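Letter by letter, the sequence shown follows residues 1 to 578 in UniProt numbering.
Accompanying notes for the structure given below.
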Amino acid sequence: MTDEIAKLFPNLFGQPSATLVPGEGLKKDQGLRIGVVLSGGQAPGGHNVISGIFDYLQECTTGSTMYGFKGGPAGIMNCKYVELTSEFILPFRNQGGFHMICSGRDKIETPEQFKQADETASKLELDGLVVIGGDDSNTNACLLAENFRGKKLKTRVIGCPKTIDGDLKCKEVPTSFGFDTACKVMTVPSSAPCVFNSMWFPPLTTIYKILIQIYAEMIGNVMIDARSTGKYYHFVRLMGRAASHITLECALQTHPNITIIGEEVALKKLTLKNVTDYITDIICKRAERGFNYGIILIPEGLIDFIPEVQQLIGELNEILAHDVVDEGGQWKKKLRNQSQQLFDFLPQAIQEQLLLERDPHGNVQVAKIETEKMLIQMVDTELEKRRQEHSYNGKFNGQSHFFGYEGRCGLPTNFDANYCYALGYGAGALLHSGKTGLISSVGNLGAPVEEWTVGGTALTSLMDVERRHGLLPLHLSHCPYYPPIISGTALVLLMPLRALVLMWSSVTLVSFSFGPQKPKQILSASFEIPGAPFKKFASLRDEWALKNRYVSPGPVQFVGPTANEINHTLMLELGAQA
């Protein structure tokens, strides 16, 4: 795919990453006009990215202006914006949500839309634009950077990694903001910590951490309920569109009886029946011990990890891109025999979701498939079969939950608040130095904040090509509506953050060429099997299955001994690298 990506991005492909190093410094008397846009779903800490950009401009430039585009990329196309001032930003520092300027899921893809973006950039005389978003959003950032450079416009574009799923990461970008918060649930103290307006960053946090904390508290609450009543099996589906990072981290924090890891299912090529039997076997063993209750964690993208389901979805995407579903079922004749049998085996509600719930690109909306309800029904059927065979004599009452939106707008943890601030500050520095087509990054997160590292890497080095509407978009000129999307990431380790904090007046950004990096073939960053976090989980899950080792973490802490702890996944990954 390298050649194809080079053709798609002739002005950006192969450019080196940037590292923050001591130098002669940048001109402080240079005023910049910078725009910022929030793209995609909410994630805790987004407001602090904006705060970091703003503070950089205030401290390191003179007479700069910052604009916030309202409602996501549509705000760029429609030139809907608000000028961001210190007074405007102040109430949003360290707060959850994206309501400072609001977000949106529009994409700038068609020639007309790119023309609108050009007009807005020219009207506001933008020197730079920061796109805060996930894989698709950063793909859009790369397309905009290519577009502006190709048309000789002065506007440069920098991306910032945002996704609560935790799947936009790699060794050098160890996490995206929001994940940490989502995996924990928090209570709000009377006085939340503040991001300082000075050069010093408060203790770092990531959005991944907030999400983990939010979900972990909710899981812990359900665990206490299950144990109190002794009669419910709670099937909990957790947000995680294309990777099981959240599910794994929540399992490490709460110790549920059963956790299904999508990547393991795919690796072992398990079928739906295999997954159902695995859950049913544990339920039967627990019944023998007198336990007719339990907690089961499921990633929302599980159904897409099962090879036979992947095949079915792929065939459906191809067929429905060209055909209409008829009541007589003639369209099903185009399915392979195995896929047709699987489709007929699925509950009717799931069949309808596969056929009717399509995203704007024509693909199945995996996130809307209620996998937890499907598994409850299939497990119940299997248990009844075993009851008739006298191999099961327990009681089963399944309760379904989906923990998703609850984690997106919580107050960011200390880690997320500061990590996001650092991302924004770094993005401001990248734009000030004239960089474009890079994604802001902060590394060495396991170390004290003064040892963090800051820089950016080329977005084109993270690219892959995705099939949409049954098409493989290799050239924008041939298929302008369905661009390639970001896959994994590959950033270089950067200089310590203390250089940014203590020596900013003498810091400049320089580039080092490591040669063009081969694009990865994975559309999002799944965790390694066997990686350190998964190994830890695998060593404990058999004990958790039959014994009640539940842990209820409680709400997020902003002060005290646990306030600045990093999540289990990041800790284990960094430990494995050391």
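For every residue, glycine included, the Cβ atom is placed at its ideal position computed from N, Cα and C.
It should be emphasised that the depicted structure is a prediction, and the values quoted were computed from it without experimental measurement.
Residue span of the alpha helix (DSSP H) that contains residue i, given as start and end
i	result
E543	532–546
I306	From DSSP, I306 is part of no alpha helix (DSSP H); its letter is neither H nor E.
residue 586	In the structure as shown, the chain starts at 1 and stops at 578, and residue 586 therefore has no counterpart that could be examined.
A266	262–267
L430	414–432
C160	Taken as a continuous stretch (DSSP letters only), C160 belongs to no alpha helix (DSSP H), being part of the beta strand (DSSP E) at 156–161.
S339	337–345
I369	That residue, I369, is in no alpha helix (DSSP H); it is neither H nor E in DSSP.
A349	348–356
P73	73–77
E450	Here E450 belongs to no alpha helix (DSSP H), and DSSP marks it neither H nor E.
K334	Note, K334: premise wrong, no alpha helix (DSSP H); not H, not E.
L8	2–8
T62	Taken as a continuous stretch (DSSP letters only), T62 belongs to no alpha helix (DSSP H), as it is neither H nor E.
Exposed unless 16 or more other CB atoms sit within 10 angstroms - verdict on residue i
i	result
P193	Residue placement at P193 is flagged as unreliable, the pLDDT there being 31, under the threshold of 50; a coordinate-derived value is accordingly withheld.
I566	buried
F9	buried
R336	exposed
L570	buried
Y405	exposed
Q15	buried
T436	buried
A499	Interpretation of A499 is limited by its pLDDT of 29, a score under 50 that renders its predicted location unreliable; no figure is taken from the coordinates.
T229	exposed
K268	exposed
K169	With a pLDDT of 47 at K169, under the threshold of 50, the predicted position of this residue should be treated as unreliable, though the coordinate-derived value follows. Per the 10 Å Cβ criterion, buried.
H568	buried
G71	buried
E372	buried
D135	buried
K7	exposed
Cβ-Cβ distance between residue i and residue j below 8 Å
i	j	result
L438	L459	yes
I214	I246	no
S51	G424	yes
E308	T271	yes
L297	I260	yes
I101	G128	no
P73	K107	yes
G434	R156	yes
I224	V379	no
F88	A121	no
L20	V454	yes
F235	V265	no
L574	K536	no
K395	K231	yes
H255	Y550	yes
I295	A216	no
S17	I132	no
L316	L354	yes
I5	M463	yes
G426	V442	yes
Any C-beta of chain D under 8 Å from that of residue i
i	result
K334	No chain D is present in this structure, which holds just one protein chain.
Range of the contiguous beta strand (DSSP E) that encloses residue i
i	result
T457	453–458
H234	233–238
M66	65–69
G443	438–443
I295	294–299
H401	398–403
L124	Note, L124: premise wrong, no beta strand (DSSP E); not H, not E.
Y81	81–84
G35	33–39
For residue i, the nearest candidate out of the options (CA to CA)
i	options	result
P412	T371, Q557, I261	Q557
K162	E87, C409, A74, V551	C409
G428	G35, E451, N11, Y550	G35
S137	Y550, G159, E125, Y421	G159
P382	A349, G314, V275, A545	Looking at the sequence itself, residue 382 is Glu, so the reference to Pro does not match. It is V275.
L356	L57, E217, K368	K368
I350	D359, G328, K333, L375	L375
E543	D304, L320, N257	N257
G240	N221, G150, I303	I303
E300	E263, M463, G329	E263
L81	E112, L57, A117	The amino acid occupying residue 81 in the given sequence is Tyr; Leu does not appear at that position. Looking at the Cα atoms, A117 is the closest of the given residues.
H432	F343, T61, L540	T61
Requested in this report: Tell me, please, whether the segment 94–106 touches the segment 32–46 by the rule of three or more beta-carbon pairs shorter than 8 Å.
Outcome: yes
Query raised in the report: On the three-pair Cβ rule with 8 Å, is the segment 315–326 touching the segment 288–307?
Result: no
Query raised in the report: Touch check for the segment 25–33 and the segment 388–400: three-plus C-beta pairs under 8 Å?
Result: no
Query - Stretch-stretch touch, CB-based, cutoff 8 Å, three pairs: the segment 243–253 with the segment 417–430 - result: no
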